[in-house]
Every structure is written in structure tokens, then in C-alpha cells.
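Input: a single structure, listed below in C-alpha cells.
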Amino acid sequence: MNNLILKGKVFKFGNDVNTDEIIAARYLNLTDSKELGAHCMETLEPEFSKKVSPGDIIVAGRNFGCGSSREHAPVAIKGVGVSCVIAQSFARIFYRNALNIGLPILEVEETNSIKNNDELEINLVKGQVKNITQNKIYQSEAFPEFMQGLIKKSGLSNWVKDLPRKGGKK
Amino acid sequence: MPHTITEKILALHAGKKEVYPGEFLWAKVDLALGNDITSPLAIEEFQKSGAKKVFDANKIALVCDHFIPAKDARSAKNAKILRDFAAKHRIKNFYDTGLMGVEHALLPELGLVVSGNLVIGADSHTCTYGALAVFSTGVGSTDLAMAMVTGRVWLRVPKTIKFIYRGKLSKWVGGKDLILHTIADIGVEGAHYKAMEFCGPVIKKLPMDDRFSMCNMAIEAGGKSGIIEPDEITFRYLKEHQNTRTPEKTGAQVRNLTSDKDAKYSQIKEYDVSKWDVAVACPHLPSNVKPIHELKNIKLDQVVIGSCTNGRISDLRIAAGILKGKKVNRTTRTIIIPATQRIYLEAAKQGLLEIFVKSGAVVSTPTCGPCLGGHCGVLTEGEVSLATTNRNFLGRMGDPKSFVYLSNPSVAAASAIKGRIAHPEEVI
Ligand code: SF4
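In the order they appear, the protein sequences are chains A and B.
Counting with my numbering, you get residues 90 to 259 for the letters of the first sequence.
Counting with my numbering, you get residues 2 to 429 for the letters of the second sequence.
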């Protein structure tokens, strides 16, 4: 089960952050989340993995995670210790991969006003983001019921495990 | 209610009479695909789940194409993970060196994906098979793992954007140019989560290889899938590419589903292609298309002709037509990669390989190679490449300070001769 209240410091990125930038293709022969995490975001910010503390939060603009289907991208983000990604929108494969592996993500319209190093507190159940530094609250749209199910089970594998035996529609 | 072809295929695989955009489905897959990059994670997840066997050994395809022939020891290990898994679970459609090709060129060629199928692949360009009227979409490794366990995938029914192409295609303009111009128009997020349905008189006459190039790049507009209704060209292709490996099993049932006349679209886009010239996308986005005459000062260190977008036989024929009897510029390394073994053989028979080698280009065994900065032509800092691939993100072909331009094969061949970005008319 995911931790539903998250707290951390912001690392801010722009629009269209793609999966090659999140984890470059030359590292795709790695599978360990910690090893992948060590190279997370290094194209955009070479020292990223050294600066992140466990629980920190990535905040970005539109279309975060566009490009390839590599699950290594959300795995690297989780592996480096980031607790949640907030963006105005996500590319679809990244979005489903994050839900499938239990990396919390939120769509928030006002990410432009969030600054690097701001301190955030996130309530995943309510979809609420509190900006402690700026004393502001942002609300994200609630996940559809199906996706809430995935989030509650921390990902697809657990969700499948609890399916009624004969498969069928859920 | 009237429906789009996408909605009809999805309904069929979810066991429902009809489905609507926004609805979540737990749908049956006809084929689940993985490669040497995405499958190791999927196999790990499969094993963690405790599953003893795969849902159907005929309906899984594993292709070693990205870093294969192994570029280093780690990549060799990943290929071995696939090989062992395939042997253990008797996976029929396992493609190792000697059989393999770039997955999205390979599966259609083998007849493993046919009209009306639902196909998922742990690779973003899985959307390519839409050219054969397949609903196909890229997913992640965990999706692949769970599809291998259950034979199903969760999907949200997408809205569809309809793209209608009219007019007359100029010489040298093909499927790659149509899709680049389209992405330039709607942007890299223009079809976010949506199905892109390509139609109109231009598409009706478009050869299958060009249709593959178009559907291949739906993802570059953020699309979930790209699709073209089946017609004579589709059925002829399917007839010529029948499944001989797992006949009667994988995707055997060819269906002729089409969109209803008054189906609902979230948007309809109409283009007159008559005024379109060849398209070149500049670094670092596929949507960054500029008129080619503005780019003639761009010097090139490398030209790559290949990939799941433009590594098919007609692409090689176009390139050879331009390179025949000419030399590539000495400052421009030119790398040509037939996408599959069959295409390689065909290129040999048609004398294309000889034309390439005599022109000073190199010809590689099928692989993704430089397309994703893996091997066989990786760029160093400051270098510039023009490629017939589909993605020119920062660092895609190697160093984060290198640059990739995207074009069709005629522009790539002409540019290789000139040593700079060039229109094919300049060398003919
Ligand atoms: S050729 Fe390039 S885009 Fe196509 S599957 Fe290989 S890496 Fe991906």
C-alpha cells in the first residue's frame, strides 16, 4: 500500500521532459532501480541523483515523460528516491507505467507557480498539494475509480493478483 | 450507435457490444510484444508474480533488436534472459540474431499482426501496426508482464481524431512527410491519449510501407494509436505476408472493420497535400519542421537510413535510386540498415547493397542501433546527423550535445551526397 501523505522539496523541470532525458538509452541495459536512479535526469541536470533526498518531488510542465515506453523512466525516478511527480500533463505511456509500478503522480494546472526548492505536502487521497513555502493549496482532478484501484494496490501486479480467478472484466 | 474502427476493435476484445471513449476495459490481446530492452523488466515482474506459465505461448513475441547483436556484456545478458525465458515457456515467436529484425518491421512481415487484432507491445512505436487496421499501442514492462500472465491489458477507450488528406502528392513526398507535416501542425502533444485515424483519397492510394511510416509516428504526436481502415492494399499485403510460423494461431482471423459514417470524432483535420514539400524535423522535437530550403547550410557528420519508420525495402530502393553511380560526401558517414533479414536479402537480390557500398556507405545487419544511440553509429559532442528515424530528442543518438534531423529516405540519400541537408532535386 502506498504512503498517502508525502512531503518533500521540489526539483523543477520544464515542458516535454522526455524519457531519454529521464534515463538515457545507454543505461537501458541496467535493470536495478538504484543503479538506474543514479543516472536519473542526468542529461538535464548532471548532479540530480546526488542532490535528491528521499521523498523529494519532481514538478514539471506539460507532457512529462513523452517518448519511449521504457518503464526504466519511472523506475529510475522511484529508484533515486523521488516520492511523487507533479506535472500539468503526462505522456500516456509514462502515466500508465507510473500507475503500474506504484509511483504516485498528480496532474496539477498551476505548476508554473511552484518554484525550485519549495516545500510541498501532498495528500494523495484528496489529490491536494500544499505548498508550505508559498502557503498555497493546489487541487488536482480526482483519479477515475479504476485508476484509484491501481493506486491503492500500489500497482498492476497486485491488482491482477486480486482479480477474480477466472479473469474477466473488472 | 455509430462507432469508429478503434471503438469496434476494442469492443470486440472486451467482449462487449459497444464501448465509448473514456471507458476502462480489461481487454484480450491477440499478441503481446517485448524487446531486449523492455522484456527483462517484464520477465522479472512475471517471475515475481509467481505465475508458472504464460497465457498462450503462441501469442507472445520477443524480439532481440535494440542492442543486438549484443553491443556489450550487459546487453548480451539481457538477450540471454529473453532466450532462457523463451525456451522455458516454449515461446514460438522468439527472434534472435539471424531471425530478428527491427520489431515493427518484422511482425507485419511475418504475418503476426492482422486487421482487427488488438496488439500491445512494450515499445512506444507498437502503434505501427495501425497501418494494417490493427489497434496497437505501446505499453510498459509491467503491462507486458501481466499480459503474459493473463492475456489481457487495461485500456481506456480513446477519443479519435480524424485526419483527411486530399490533393496530389509531389514527387519525393511520402508517408514520412505526411506524418511530419501533421505533427508539425498539431504538435507533440496534439493527439494526447487519442487515436489518430488517417483517411482520405491520398491515403487510399498510399502504399503499405508509407502507411507503416505514418502510423509508426502517431506516438510522436502523443497519440495512443494510429490507424487506417483496411482496403485492397491492406488485404493484398496480408495475403503476401502470411503467418507460416504459428499459422491458425496468432492473429489468424482477419477482420474487415471500418468506421461508421457518422461515428463521433473529437476533431476532424483536413489537409491539402498538393502544396507540401519534403519535410525535415529539426532538433530536438519531431514537430520542429522547417522548409528544407532554409536548412541547406546544415552540414552533416552522419546520415542514417533505417529503423522501424523507414528501413523497409521501398525506402532502400528510393535511397539506392539516388545514390546509384554517385559517391557520398567524404565528411558524411553514411550508415544504411535494412530493418529485417528478409529486407536485407531482397536488397541484395535487387542489387541495392552493391549500390550502397560502391557509393561509400556502410550496410549494417538489422538492428535499432543508432536510432536510440545504442551502437553502430553513435554521435559525439557537437556532431550532426540526419536520420530516417522517428525521434530527435536531446541525446537520442548519443551525446546530449549532438543534433538529429529527421527526414524521408530521398532527402537522407541526397544529403549524404552533398554532405549537408539537401533536396533530392539537387542531385538528380
Ligand atoms: S528502430 Fe528506433 S524507434 Fe524503432 S523500435 Fe528500434 S529504437 Fe525504437
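For each residue, glycine too, the CB sits at the ideal point set by N, CA and C.
Keep in mind the model is a prediction, meaning the values are calculated, not measured.
query, result
"Distance CB(His242 of chain B)-CB(Glu110 of chain B) smaller than 7 Å", "yes"
"Straight-line Cα distance separating Gly150 of chain A from Gln177 of chain A", "5 Å"
"Buried or exposed (CB count within 10 angstroms, at least 16 for buried), Thr310 of chain B", "buried"
"Contact between the segment 391-405 of chain B and the segment 186-193 of chain A (3+ Cβ pairs under 8 Å)", "no"
"is_contact[Asp145 of chain A, chain B] using C-beta, thresh 7 Å", "no"
"Sequence-distant residues of its chain with Cβ nearer than 6 Å to Val135 of chain B (five each side left out)", "Val114, Asn118 and Val120"
"Candidates B:Gly201, B:Ser275, B:Leu107 and B:Asp73: closest to Lys172 of chain B by CA position", "B:Ser275"
"CB contact below 7 Å: Pro284 of chain B versus chain A", "no"
"Assigned secondary structure, Asn79 of chain B (DSSP; H/G/I helix, E/B strand, else coil)", "helix"
"Any chain B beta carbon closer than 7 Å to Ala114 of chain A", "yes"
"Distance, Arg159 of chain A Cα to Glu221 of chain B Cα", "15 Å"
"Proximity test, Cβ basis, 7 Å: Asn107 of chain A and chain B", "yes"
"Residue closest to Phe86 of chain B, alpha-carbon to alpha-carbon, out of B:Ala340, B:Pro41 and B:Gly227", "B:Pro41"
"In DSSP terms, what Met197 of chain B is bridged to", "B:Ile162 and B:Gly227"
"Same chain, Cβ closer than 6 Å to Lys206 of chain B, neighbours up to 5 away in sequence not counted", "none"
"Given 8 Å, three or more beta-carbon pairs between the segment 293-309 of chain B and the segment 376-391 of chain B", "yes"
"Cross-chain neighbours of Ile190 of chain A in chain B, by beta carbon under 7 Å", "Thr143"
"Assigned secondary structure, Ile412 of chain B (DSSP; H/G/I helix, E/B strand, else coil)", "Checking the sequence shown, residue 412 of chain B turns out to be Val, not Ile. Note: Val412 of chain B maps to helix in three-state DSSP."
"Residues of the segment 179-205 of chain A whose Cβ lies closer than 8 Å to any Cβ of chain B, in chain order", "Ala180, Arg181, Ile182, Arg185, Asn186, Asn189 and Ile190"
"heavy atom of ligand 3 below 6 Å from Cys128 of chain B C-beta", "For the structure depicted, ligand 3 is absent and the ligand set comprises only ligand 1."
"Under 9 Å from the C-beta of Pro233 of chain A: neighbouring residues of chain B", "Gly23, Phe25 and Arg157"
"Chain-ordered residues of the segment 98-116 of chain B with a beta carbon less than 8 Å from chain A", "none"
"Contacting positions in the segment 212-223 of chain B - beta carbon closer than 9 Å to chain A", "Ile220, Glu221 and Gly223"
"Straight-line gap, Ile61 of chain B to Val99 of chain A (C-alpha atoms, nearest Å)", "41 Å"
"Beta-ladder partner(s) of Arg153 of chain B, from DSSP", "B:Lys29"
"Cβ neighbours of Gly257 of chain A in the same chain (closer than 8 Å, five flanking residues each side left out)", "Because Gly257 of chain A sits at a pLDDT of 44, beneath the cut-off of 50, its placement in the model cannot be relied upon, and the point is left open."
"In DSSP terms, what Tyr96 of chain B is bridged to", "B:Val64"
"Distance CB(Gly378 of chain B)-CB(Ile336 of chain B) smaller than 7 Å", "yes"
"Where Pro208 of chain B meets chain A, residues with beta-carbon distance less than 8 Å", "Those do not exist, as Pro208 of chain B stays about 27 Å from chain A at its closest Cβ, beyond 8 Å."
"Bridge partner(s) assigned by DSSP for Val99 of chain A", "A:Ile146"
"Of the residues B:Ala280, B:Ser116 and B:Tyr194, the one placed nearest Gly176 of chain B, counting alpha carbons only", "B:Ala280"
"Distance cut-off 6 Å: Leu373 of chain B Cβ against heavy atoms of ligand 1", "yes"
"Residue closest to Asp57 of chain B, alpha-carbon to alpha-carbon, out of B:Pro292, B:Arg91, B:Gln342 and B:Asn217", "B:Arg91"
"Three-state secondary structure assigned by DSSP to Gly322 of chain B", "helix"
"For Asn212 of chain A, the three-state DSSP class (helix, strand or coil)", "strand"
"Close beta carbons around Lys259 of chain A, own chain, < 7 Å, minus the five adjacent residues each side", "Unreliable positioning characterises Lys259 of chain A in this predicted model, as indicated by a pLDDT of 40, which lies under 50. A coordinate reading is not provided."
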